[in-house]
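Heads up: the structure comes next, in structure tokens.
In our numbering, the protein residues as written are 61 to 162.
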């Protein structure tokens with residue numbers, strides 16, 4: 061089992077203890093990202109409460125994730141199509157080479 065440790069992070073002016081098996085530097089990086097998103101949301105909607113900002117940030121991060129996932133799937137699909145085309149070309153070349161051999 062992975063070794064869980066507590067990493068203290070600051071998000072939106074609050075300190076939180078996070079128990080995780082992830083690298084502490086990575087947890088800090090994640091928290092810094094969320095903190096930047098919280099500050100941007102706060103600047104855009106200064107009258108919102110912390111919970112409202114957290115929901116807005118969660119939706120924005122979910123949107124980023126969904127778009128990245130869709131882009132990855134599209135990219136993987138295009139790569140699979142190209143690989144299929146290349147496989148077909150190689151098969152044709154091999155068939156031609158077999159026909160040319162004495």
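Note that the Cβ used here is the ideal one computed from N, Cα and C, for glycine as well. Bear in mind the structure is a predicted one, so any value in this text is a computation, not a measurement.
- Contact annotation, residue 67 with residue 94: C-beta distance approximately 13 Å; criterion of less than 8 Å not satisfied.
- Distance from the CA of residue 83 to the CA of residue 71, rounded to the nearest whole angstrom, comes to 18 Å.
- Contact between the segment 97-107 and the segment 116-135 is present: 3 or more CB-CB pairs across the two stretches fall below 8 Å.
- By the CB criterion at 9 Å, residue 85 and residue 63 fall outside the cutoff.
- For residue 95, the enclosing alpha helix (DSSP H) has its first and last residue at 84-104.
- In the three-state reduction of the DSSP assignment, residue 70 falls in the strand class, which pools E and B.
- Secondary structure at residue 80: strand, using DSSP grouped into helix, strand and coil.
- In this structure, the straight-line span from the alpha carbon of residue 102 to that of residue 92 is close to 15 Å.
- The alpha-carbon separation between residue 65 and residue 107 amounts to approximately 36 Å.
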